[in-house]
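Per this note's numbering, the very first residue in the sequence shown carries number 65; after that it's consecutive.
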Amino acid sequence: MASTGLQFTLTLPGVDDIAVIDFTHREALSQPFELVLNLASRDGRLDAAELLDREATLTVWQDGEALRHVHGIVSEFGRGDRGHRRTFYSLVLRPALWRLSLRHNSRIFQKVDPLTIINTLCDERGITDVAFAVTRELPEREYCVQYRETDLAFIERLAAEEGLFYFHEFEESAHRLVFADDPQVLANLGERTYHSRAGGTAPTRHVRKLSHTARVAAATATLKDYSFKNPAYAQLHEHLGRDVEAHGQQTDYEHFDYPGRYKQDASGQPFTRIRLEELRREAITANAESDLPELAPGVRFSLTDHDTQSLNRDWQVVEARHVGEQPQALEEDGMTHSDASGMTRYANQVTLIPGDAPWRPTPNPKPRVDGPQVAFVVGPEGEEIYCDEHGRVKVQFPWDRYAEPNETASCWVRVAQGWAGGGYGSIAIPRIGHEVIVSFLEGDPDQPLVTGRTYHAGNLSPYPLPEHKTRTSIKTQTHQGEGFNELCFEDQAGEEFIYMHAQKNLELHVLNSRQKRVEFDDTATIGNNSHLAVAKDRVETIDGNRDVTVHTNHTEQIDGERGLKVGGNYQTHANGDITFKADGELILDATKITLVAGGSALVLSGGSVDVTPVLNVGSASPSAAALPPVPAVLEVAAGEGSPFVSHCPLEEE
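Okay, here's the thing in structure tokens:
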């Protein structure tokens with residue numbers, strides 16, 4: 065039987081004698097490839113411990129020329145039966161990228177772009193030959209969380225969200241991982257011939273059995289989101305597919321989704337376009353067979369010689385399944401003619417899309433946080449309260465193994481308040497060290513929101529429990545000092561009270577009326593000064609007694625009149641002097657007036673004036689009232705019931 069010139073070899077470090085019986089190689093855009101090989105070797109002592117996780121290379125040869133290399137790591141090793149001279153083995157090769165599927169993690173990235181995140185994760189697993197053929201600048205992500213997913217799933221999800229697909233490029237001694245976003249950056253193989261005639265031998269390697277399919281798909285994509293920094297902006301973006309009507313379908317098949325997982329137009333517009341391109345990626349596809357090993361995901365070629373002229377165009381490979389058989393590897397072990405004497409054969413089945421059509425991967429489902437989580441408020445060293453202009457705080461989650469417990473642990477996280485309006489509401493900023501309850505909008509780990517606070521063994525409640533279970537308290541702590549403010553309610557029957565404590569000042573501002581009613585005692589103790597300013601009237605009504613004790617001075621100033629009405633007796637006692645001074649007239653009007661000084665007394669009662677013990681007349685001393693020089697005047701005045709008048713003699717010049 066004529067030779068095809070094909071040969072398959074496997075390079076396995078430390079193994080010199082090994083033959084490829086057959087292989088199946090599956091590869092697709094944005095998927096790790098899988099290469100399954102059945103092998104034979106004269107060495108029956110090959111061991112899994114020596115081969116697993118080691119590099120290996122499959123090479124496809126044609127007449128001594130290497131058509132393709134596939135580098136991978138041994139992810140599976142199997143040992144089969146032993147023949148007359150050889151032992152049979154099986155291997156599965158996967159790319160080094162596949163190792164990232166074995167690492168499951170939760171991790172936070174901040175203020176970095178997706179390409180940096182992808183490159184970081186690859187570099188940590190020793191994948192350094194990574195290329196980015198990206199046609200647009202990807203905005204940095206303020207807060208991007210890998211949450212309970214493998215490194216590979218996270219990379220694939222992140223790349224798909226940005227419209228990136230990946231594939232593998234192989235050279236004789238190199239294996240490159242390439243991320244791209246446009247078909248124009250793909251390697252172009254040039255023309256490849258199509259041969260459809262049955263029977264005979266095709267003159268060259270070629271493409272055959274091509275089938276073409278067109279499908280109805282979504283015509284438009286509309287995404288919407290919300291940003292608290294610009295709440296009035298609709299954040300609505302729409303993208304219409306190209307040539308939809310030319311494909312013979314209606315244009316009103318709309319795909320709408322919320323949230324679009326963007327906060328700015330710079331991301332919203334491309335995200336919407338990418339979503340539609342992903343939905344329409346199979347609007348036109350083709351499936352074909354060939355004997356061209358170079359047809360692999362990530363390459364383009366131009367098809368020629370097809371009977372349908374419209375199919376003679378540029379195509380790109382999105383998926384391929386390669387199959388190779390090398391029966392000669394079985395000849396030494398006495399296999400049957402049908403098993404061992406066939407020709408070496410190679411063929412593949414490929415899935416194609418038009419060469420100018422963007423191919424977008426379907427994003428992996430984003431991990432959802434099933435419920436609230438606890439976190440701890442963090443901030444710079446030496447700070448007690450750390451927030452921004454929106455009252456947001458930084459937190460650290462218990463599962464975060466990478467961040468330091470400071471202001472770099474997270475993005476700014478919004479805090480739910482009991483009431484939030486335009487310049488009004490309630491606010492209490494969680495302080496550093498507090499335990500908070502964090503919820504996530506739409507279950508998205510990238511969108512945390514503080515919705516509650518909880519005590520723990522290190523942060524206890526203001527009053528011991530359950531002893532004070534009937535007590536409700538709002539108690540703060542002085543910032544950068546000792547002390548607190550508090551409003552406390554006790555609800556135990558018979559012991560109810562409201563307690564208020566101000567660490568320094570207490571201000572009460574009432575724009576209209578204030579009413580205060582105390583059914584029992586009212587006690588006020590003021591440690592320093594007390595000031596009362598009343599703009600208009602003040603009325604006090606006391607049904608019982610009023611006692612006022614002033615230990616120093618008591619001064620009153622009345623700019624108008626003062627009236628005092630006493631229903632009973634009125635007494636004034638001074639240990640010193642009492643002085644009355646009036647710029648006008650001083651009138652004492654009573655049924656009886658008694659003036660007592662030392663042992664003397666002057667009594668005015670009814671129509672009489674009584675002086676005890678002696679009445680001195682003519683004295684200029686202020687201590688004795690001067691009397692008229694003629695005593696008869698007093699007698700006449702007394703007889704007529706006239707008021708007593710004392711005439712003081714003029715001082716001689």
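The beta carbon of each residue, even a glycine, is placed where N, CA and C say it ideally should be.
These numbers come from a predicted model, not from an experiment.
Closer than 8 Å by C-beta to residue i: which residues in its own chain qualify, once you throw out the five before and the five after it? Chain order, please.
{"i": "A282", "result": "G305, Y317, E318, H319, L340, L343 and R344"}
{"i": "I417", "result": "R345, E346, I348, T349, A350, W379, Q380, V382 and W423"}
{"i": "A120", "result": "L74, T75, L76, P77, H135, G136, I137, V138, L155 and L157"}
{"i": "H185", "result": "According to the sequence as given, residue 185 is Leu; it is not His. Only L164, D215, F218 and I219 meet the Cβ criterion."}
Quick check on residue i: buried or exposed, where buried means 16 or more other Cβ atoms within 10 Å of its Cβ?
{"i": "R676", "result": "Per the sequence presented here, residue 676 reads as Thr, with Arg not at that position. Result: exposed."}
{"i": "T315", "result": "exposed"}
{"i": "L161", "result": "buried"}
{"i": "D355", "result": "buried"}
{"i": "P462", "result": "exposed"}
{"i": "G128", "result": "exposed"}
{"i": "A112", "result": "exposed"}
{"i": "K327", "result": "buried"}
{"i": "H89", "result": "buried"}
{"i": "I123", "result": "Here residue 123 is Thr; the residue named in the question, Ile, does not match the sequence. Per the 10 Å Cβ criterion, buried."}
{"i": "F584", "result": "exposed"}
{"i": "S594", "result": "exposed"}
{"i": "P530", "result": "exposed"}
{"i": "N576", "result": "exposed"}
What residues are listed by DSSP as bridge partners for residue i?
{"i": "W125", "result": "Q71 and A130"}
{"i": "C552", "result": "S537 and Y563"}
{"i": "R256", "result": "L367"}
{"i": "Q437", "result": "V502"}
{"i": "T518", "result": "E499"}
{"i": "W483", "result": "S490"}
{"i": "E204", "result": "DSSP, once it has assigned bridges, lists no residue as partnering E204."}
{"i": "P418", "result": "W379"}
{"i": "T192", "result": "In DSSP, T192 forms no bridge with anything."}
Does residue i come out as helix, strand or coil in the three-state DSSP assignment?
{"i": "R212", "result": "strand"}
{"i": "A298", "result": "coil"}
{"i": "G507", "result": "helix"}
{"i": "D81", "result": "coil"}
{"i": "S672", "result": "strand"}
{"i": "L76", "result": "strand"}
{"i": "E583", "result": "coil"}
{"i": "C712", "result": "Residue placement at C712 is flagged as unreliable, the pLDDT there being 45, under the threshold of 50; the coordinate-derived value follows with that caveat. In this structure, C712 counts as coil in the three-state DSSP scheme."}
{"i": "R337", "result": "helix"}
{"i": "A223", "result": "helix"}
{"i": "A393", "result": "helix"}
{"i": "A112", "result": "helix"}
{"i": "F331", "result": "Just to set this straight, residue 331 is Ser in the shown sequence, not Phe. Here S331 sits in helix by DSSP."}
{"i": "S374", "result": "helix"}
{"i": "H311", "result": "helix"}
{"i": "R171", "result": "strand"}
{"i": "V457", "result": "strand"}
Can you grab the Cα-Cα spacing for the pair residue i / residue j, in whole Å?
{"i": "R109", "j": "E471", "result": "57 Å"}
{"i": "G37", "j": "Y297", "result": "The question about residue 37 has no answer here: the residues shown for the chain are numbered 65 through 717."}
{"i": "I181", "j": "W476", "result": "20 Å"}
{"i": "R150", "j": "R106", "result": "4 Å"}
{"i": "E236", "j": "T68", "result": "23 Å"}
{"i": "L101", "j": "Q392", "result": "15 Å"}
{"i": "V194", "j": "K273", "result": "35 Å"}
{"i": "R602", "j": "D641", "result": "31 Å"}
{"i": "A638", "j": "K568", "result": "39 Å"}
{"i": "T540", "j": "L179", "result": "45 Å"}
{"i": "E204", "j": "F173", "result": "10 Å"}
{"i": "A661", "j": "H615", "result": "27 Å"}
{"i": "S537", "j": "C552", "result": "4 Å"}
{"i": "G494", "j": "V459", "result": "The displayed chain sequence assigns Pro, not Gly, to residue 494. Spanning the two alpha carbons is a distance of roughly 10 Å."}
{"i": "I85", "j": "R212", "result": "40 Å"}
{"i": "A599", "j": "T658", "result": "41 Å"}
Excluding the 5 residues preceding and the 5 following residue i in the sequence, name in chain order all residues of the same chain whose CB lies nearer than 7 Å to its CB.
{"i": "N169", "result": "Q210 and D215"}
{"i": "S503", "result": "P436, L513 and T515"}
{"i": "D117", "result": "I137 and V138"}
{"i": "N549", "result": "T540, H565, A566 and Q567"}
Got a sec? Which residues, its chain only, sit under 6 Å from residue i by beta carbon, not counting five neighbours each side?
{"i": "T368", "result": "E255, T257 and N376"}
{"i": "A278", "result": "I348"}
{"i": "Q71", "result": "W125"}
{"i": "Y519", "result": "S525"}
{"i": "A251", "result": "V363"}
{"i": "Y322", "result": "K288"}
{"i": "D177", "result": "L202 and E204"}
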